[in-house]
Amino acid sequence: MTRYAIDADVALRIVRGELAVDGADQLVGPAVLRSHVMAALYRQVRAGELDEREARAQLDGLAGLRIRLLGDRVSRGTAWKTATRLGWDDVGPAEYLAVAVLQADTLVTDDPRLIEAATDMVPTTSSSIFA
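Take a look at the structure:
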């Protein structure tokens, strides 16, 4: 069993059926992942890239995803320190790194910013691991 931290883009691709996770593996992410997925879906609807009904169905699909979402004090504190150390203006991306460091074997992301920031913190893997 491997414990994977995933970002919002990877979660959305799993919900859409573009990626598949082995049932023996565990997924973790920050609690903010839900809001990030919803924001991405909303942007796609506003841009005319996705029908609202389909976006809502995908958002409902997120609720059925087997993932442990963390928003505890230790995770938040680690995210704050990480964002400060990296000089980031936004703590949101640091929440993915914090959860990965604290709870996962690897961070699954295709986000170049997260991949670069994770270099000395936690191993990263591309989403193709779930293809």
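Numbering (the working numbering), first residue to last: -9 to 121.
Even glycine gets a Cβ: it sits at the ideal position worked out from N, Cα and C.
Since we're looking at a predicted model, the values are computed, not measured.
Taking Glu42 as reference, the option from Leu52, Leu31 and Arg58 with the minimal CA-CA separation is Leu31.
By the CB criterion at 7 angstroms, Val112 and Ala90 fall inside the cutoff. Asp110 counts as exposed, since fewer than 16 other C-beta atoms from the protein chains shown sit within 10 angstroms of its C-beta. With contacts defined as CB atoms closer than 7 angstroms, Leu17 and Ile57 qualify as a contacting pair. DSSP places Val18 in the uninterrupted beta strand (DSSP E) bounded by Gln16 to Pro20. If the five residues before and after Ala73 are omitted, its C-beta is found closer than 6 angstroms to the C-beta atoms of Val81 and Ala84, all from its own chain and listed in chain order.
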